[in-house]
Amino acid sequence: MNQIKVFACPTAEEFTKEVCESLGLPMGKIECYKFANDNNFVQYKETVREQDIYLIQTTQPPVNERIMELLIMVDAAKRASAGRINVVLPYFIYSRSDKKDQPRIPVTARLLAELLEAAGVDRVITCDLHNPAIQAYFNIPCDRLTGQHLLQSYFDAKNIENKVVIATDAGSSKKAYKYSTYFKCPMALIDKRRAGNDDKAVAANIIGEVKDQTALIFDDEVSTAGTMVEAARILKENGANEIYAACTHGILCGPAIERIQNSPIKELVITNTVPLTEKKQIEKIKVLSIAPLFAEAIKRINEAKPLGDLFEFDK
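Residue numbering for the sequence shown follows numbering that gives the first Met the number 0, beginning at 0 and increasing consecutively.
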């Protein structure tokens, strides 16, 4: 690797430390704090001139504060003559606001892409976008990694028999089909209805056989866990033996933890794209580190190597 430095935004130190350990590099030195008037201040404590720098940011609330921190760090790097500015967003902020499906609403994911470009970002690295089309919002390279193989490897090691992959709605059927093809097992579909913007989903019925099977539910993210818990409930009612759930992004906001704790779900497996705070850590939740995958992507980008076969990296 040549002239590379990796820096953490204020809430991303833990994830960045794992990335740097995988790369065999020290974390870049940076100072971030707030003035008395609540304005943010950033100063790089080492040179970044003509360096290939990577800025890692999480979505630890408040989310809008994370965006401003990132933009200020990008501007500081640009004014310090950084050679190439790469932003690493393990979870793409505002990824669920990806289309105009109601009157008079924003497409905030597109707005964020434009903000990053305007600030001077040269490349974005992210993972399992809620809508893969978000990549097209950028006029700069946007690399989309996936946690799919990491989750597959975890369940491979469990040697689960009589399993069935569950699609929690019609929209997730394509993802469920990919997992069922990998595991060489059947899939089933839950007919779900969602009303309004309140994240409330109601499962109506199930298409496929789940009786006496071990059900595996996969998704890109779990927010309030309403969909996943409702799916688990109807699976249990239809005779499923055990129920496992997995996702790349464990947002787990609002009543999510309480819902999961009181649900028939035996285990929820997530990656660390979103920090899991101490109060959210319960026995039912298993966290896998996806930092080595991001480290490998950073290494390959710096060395001008292709990322195509990277999706086999963690298998």
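Positions of the beta carbon are idealized from the N, C-alpha and C atoms, including for glycine.
Since the model is a prediction, treat every value here as computed from it, not as a measurement.
Discussion item. Which residue marks the beginning of the beta strand (DSSP E) containing Ala-166, and which one marks its end?
Written reply: Where Ala-166 is concerned, the enclosing beta strand (DSSP E) stretches over 162-166.
Fill in: Backbone secondary structure at Cys-252 - three-state DSSP
Look at Cys-252 here: in three-state DSSP terms it is coil, with no helix or strand label.
Worksheet entry | Proximity of Ile-269 and Val-18 at Cβ, strictly below 8 Å | No; because the gap between Cβ atoms is not below 8 Å, this pair is not in contact.
Worksheet item: Smallest Cα separation from Val-106: which of Tyr-136, Glu-45 and Asp-97?
Response: Of all alpha-carbon atoms in Tyr-136, Glu-45 and Asp-97, the one lying nearest the alpha-carbon of Val-106 is that of Asp-97.
Discussion item. Quick check: what's the CA-CA separation for Gly-27 versus Arg-83?
Written reply: Straight-line Cα distance between these residues: approximately 15 Å.
Worksheet item: Out of curiosity, what's the CA-to-CA distance linking Glu-236 and Ala-112?
Response: If I take the Cα positions, the gap works out to 43 Å.
Worksheet entry | Segments assigned alpha helix (DSSP H), at least 4 residues, entirely inside the segment 246-311 | Complete alpha helix (DSSP H) runs here, min 4: 255-260 and 290-301.
Worksheet item: When DSSP labels each residue in this structure, what does Gln-2 get in the three-state scheme?
Response: Here Gln-2 carries a coil assignment [DSSP, helix/strand/coil].
Worksheet item: Helix, strand or coil: which one does DSSP assign to Val-87?
Response: The DSSP-derived three-state label of Val-87 is strand.
Item to complete: Determine the DSSP secondary structure at Arg-109, reduced to helix, strand or coil.
Response: Assigned with DSSP and collapsed to three states, Arg-109 falls in helix.
Worksheet entry | N- and C-terminal bounds of the alpha helix (DSSP H) containing Cys-19 | Unbroken alpha helix (DSSP H) run through Cys-19: 12-22.
Worksheet item: Alpha carbon to alpha carbon, how far is Glu-12 from Glu-266?
Response: Going by C-alpha positions, Glu-12 is about 27 Å away from Glu-266.
Worksheet item: Glu-220: buried (16+ other C-beta within 10 angstroms of its C-beta) or exposed?
Response: Residue burial is scored here from C-beta neighbours: Glu-220 has at least 16 other C-beta atoms within 10 angstroms and is therefore classed as buried.
Worksheet item: Do Ile-104 and Val-62 have their CB atoms nearer than 8 Å?
Response: For Ile-104 and Val-62, no; Cβs fall outside 8 Å.
Worksheet item: Leaving out five residues before and five after Lys-174 in sequence, what residues of the same chain have Cβ atoms less than 8 Å from its Cβ?
Response: Annotation for Lys-174: Ala-166, Phe-217, Asp-218 and Asp-219 place their beta carbon closer than 8 Å to its own, counting only its chain and skipping 5 residues before and after.
Fill in: Straight-line gap, Pro-291 to Lys-283 (C-alpha atoms, nearest Å)
Rounded to whole angstroms, the gap between the alpha carbons of Pro-291 and Lys-283 is 24 Å.
Practice prompt. Please classify Phe-14: is it buried, with 16 or more other beta-carbons within 10 angstroms of its beta-carbon, or exposed?
Written response: By the Cβ-count criterion, Phe-14 is buried, with 16 or more other Cβ atoms from all chains shown falling within 10 Å of its own Cβ.
Worksheet item: Where does Lys-139 sit, in a helix, a strand or coil, going by DSSP?
Response: For clarity, residue 139 is Ile in the given sequence; the question names Lys instead. Correct three-state label for Ile-139: coil.
Practice prompt. Please name the residue in Leu-150, Thr-247, Ala-214 and Arg-258 whose C-alpha comes closest to that of Gly-238.
Written response: Check the Cα spacing between Gly-238 and each of Leu-150, Thr-247, Ala-214 and Arg-258: the tightest is with Ala-214.
Fill in: Cβ-based burial, Arg-48 [other Cβ within 10 Å; buried from 16]
Exposed: under 16 other Cβ atoms inside 10 Å.
Item to complete: Look at the alpha carbon of Ser-21 and the alpha carbon of Leu-309, and state the distance between them as a whole number of angstroms.
Response: Approximately 15 Å between the Cα atoms of the pair.
Worksheet entry | Cut-off 8 Å between Cβ atoms - residues of its own chain near Ile-281, not counting five sequence neighbours on either side | Counting only residues of its own chain and dropping the five nearest sequence neighbours on each side, Ile-281 has a CB closer than 8 Å to the CB of Ile-256, Ile-259 and Gln-260.
Fill in: 6 Å CB neighbourhood of Val-123 in its chain, flanking five on each side removed
Short of 6 Å from the beta carbon of Val-123, and not among the five residues preceding or following it, lie these beta carbons of its own chain, in chain order: Val-86 and Cys-141.
Practice prompt. Could you tell me which residues DSSP pairs with Tyr-43 in its beta bridges?
Written response: Residue pairing for Tyr-43: DSSP places it in a beta bridge opposite Ile-29.
Fill in: Within 8 Å, strictly: CB atoms of Val-41 and Met-72
Taking a C-beta distance under 8 Å as the contact criterion, Val-41 and Met-72 qualify as a contact pair.
Discussion item. So Ile-139 and Asp-121 are supposed to be a Cβ contact under 8 Å. How far apart are they, rounded?
Written reply: Indeed, because the Cβ distance is near 6 Å, the residues count as touching under 8 Å.
Practice prompt. Pick out whichever of Tyr-136, Thr-180 and Asp-168 has its Cα sitting closest to the Cα of His-148.
Written response: Answer by Cα proximity: Thr-180.
Worksheet item: Between the beta-carbon of Cys-8 and the beta-carbon of Arg-78, is there less than 8 Å?
Response: No, Cβ-Cβ distance for Cys-8 and Arg-78 is not below 8 Å.
Worksheet entry | Nearest-angstrom beta carbon gap, Ile-205 and Ala-231 [assumed within contact, 8 Å] | Separation of the CB atoms of Ala-231 and Ile-205 is rounded to 12 Å, and the pair is thereby denied contact status at 8 Å.
Worksheet item: Should Asn-158 go down as buried or exposed, given a rule of 16 or more other Cβ atoms within 10 Å for buried?
Response: When all chains shown are included, Asn-158 counts as exposed.
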